[in-house]
Every structure is written in C-alpha cells, then in structure tokens.
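A.B. asks: First, the structure itself, so that you have it in front of you.
Numbering (the working numbering), first residue to last: 17 to 268.
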C-alpha cells in the first residue's frame, strides 16, 4: 500500500514487485530488475514503516551487478532458441556473453565467465570447426590463428577425417536400407504368387528360397579422404559449385 503510493506519484501507474519462480528461467532477472527500478520508493517505504531493514549503497550496487550479468544470458538464451539457430550462431552468441562479462569486471561476472568457459570446453566438438570451414575457409584460417583454449579450432586433417567418417557412415546406412527394401519387396512378390502355385511348386519355391544366402551387395568403396583433399583445395579457391562431397556435408 505504502509502496504503490510512491510508485503512482512518480510514474502515474502501479508497478508491483515480482516474485522469483523456480520453473521460469528468466524470472530471477525480471524480479531483480523491478526491485532495482523501485529502489528509491522501497527506501521511502521502509522509512515510513520504521523498518529495521535498510539497503546500503553497496547492496544496491551488488543488485545492479547481478542485473548486468544476467541480461546478456537472457539475450543469449533467446538467440539460442531461435529456429534459425546453428552451431555457428551459437558460437557467436557464446563469445558475445563472454565479452560482455569481461567488460563488466566484477566478482560476479568473473565467476559466471569462468563457469561458462568450463562448460563450453566440456561440450565443444569438432563439428563446429567443420561448419566454420564449410561456410568460409578464410574465416576458418583466421579463427585457427586466433583460437584460444576455449574456442579451439580443429586442424584441417582432423576436419577432413571427421567429414570422411560422416560420409562413410551415411553411405553405409543408405546402402543397408536399400538392400533391406529390396528384400521386403521380394518377399511381398513371393507372397502374391502363392495363390497361383500348386502345392508341389510352393514347396519347391520355399526350398530354393531357404537355400539362398543373404549377402549385402557392397559397392566399391570410395576413397573419401582423397576426394575431400581435392575438394577442400578447390573450395578454398572456388567455393561449393562442383564440390559434391563438401556440398553434401553442408546440408547434412
């Protein structure tokens, strides 16, 4: 009651305090922002009710530090949740948070920055390096030279090996699925013929079918490493136009 009197006098409308909620990730920031926004009215209200609770300037400063540190995280979470978010945009977002925390130069921002760095190192994979290379090989080279311990960029040999493994796995899976589809189709065809067969012919067909051995037809293996070496060299000077394997990797 006392608080809203001062709020309406200053703003012309009521602004209630917000309570934090454990099930809402951004509620803590909203609560502290509103609390800090009403700090002058809160101090007046505490004086009016003769409360023993008083907020010192240092305490208000700590609350402001908390707000400044949480704001970039709120923006980052919203960016990470966008539909067009990728590993590349995520990398930019994480760097944005760390740079912002570094400029704040507070105890809290330093602790948050250290915790985030540890988490990034735990989760980082070679796939980010692959995407950076596929998008822009010149940026990949620049990032490789500037890379630190956290946002490390894998060497081209590692990138090429991982792309080779992915291509081989995809080709192998496609080949297996194709053979399974052929087997199912053959079985269905056999079932449709049964109605037209005599008992003797049906028995003979089953015997012949059981005698057949199932073999997956393996096509001649491609040397993806040689192909990728050639295409990566062309990509760095020409782009994707004729580079089939790299183009495929970019849409995987």
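Even for Gly, the Cβ is constructed at its ideal location relative to N, Cα and C.
Between which two residues does the alpha helix (DSSP H) containing residue 71 stretch?
C.D. replies: That residue, residue 71, is in no alpha helix (DSSP H); it is neither H nor E in DSSP.
A.B. asks: With distances taken between CB atoms, is the gap from residue 89 to residue 124 smaller than 9 Å?
C.D. replies: Against a cut-off of 9 Å, the Cβ pair of residue 124 and residue 89 comes out as no contact.
A.B. asks: When burial is assigned at 16 or more other CB atoms within 10 Å of the CB, is residue 175 buried or exposed?
C.D. replies: Residue 175 should be labelled buried.
A.B. asks: Short of 6 Å in beta carbon distance, which residues of its chain neighbour residue 229, apart from the five on each side in sequence? Order them along the chain.
C.D. replies: At residue 229, the pLDDT of 43 sits below 50, so the modelled position is not reliable and the matter cannot be decided from this model.
A.B. asks: Could you check which residue in 170, 165, 243 and 96 has the C-alpha nearest to that of residue 145?
C.D. replies: Closest option to residue 145, Cα to Cα, is 170.
A.B. asks: To the nearest angstrom, how far is it from the Cα of residue 57 to the Cα of residue 39?
C.D. replies: Whole-angstrom Cα-Cα distance: 29 Å.
A.B. asks: For residue 27, does the count of other Cβ atoms within 10 angstroms reach 16, so buried, or fall short, so exposed?
C.D. replies: Exposed, by the Cβ-count rule.
A.B. asks: Could you tell me the distance, in whole angstroms, from the CA atom of residue 52 to the CA atom of residue 84?
C.D. replies: Cα-Cα distance, rounded: 12 Å.
A.B. asks: Between residue 180 and residue 241, how many whole angstroms is the CB-CB distance? I'm expecting something under 8 Å.
C.D. replies: Residue 180 to residue 241, Cβ: 5 Å. Contact.
A.B. asks: I think residue 136 touches residue 110, with their Cβ atoms under 8 Å apart; what is that distance to the nearest whole Å?
C.D. replies: Contact flag correct, Cβ pair sits at about 6 Å.
A.B. asks: Can you give me the start and stop residues for the alpha helix (DSSP H) that residue 30 sits inside?
C.D. replies: Counting along the chain, residue 30 falls outside any alpha helix (DSSP H), and DSSP gives it neither H nor E.
A.B. asks: Kindly provide the ranges of any alpha helix (DSSP H) runs that are 4 or more residues long and lie completely inside the stretch 86-128, ordered along the chain.
C.D. replies: Whole alpha helix (DSSP H) segments, 4+ residues: 103-120.
A.B. asks: Please report how far the alpha carbon of residue 93 lies from the alpha carbon of residue 164, in whole angstroms.
C.D. replies: Spanning the two alpha carbons is a distance of roughly 24 Å.
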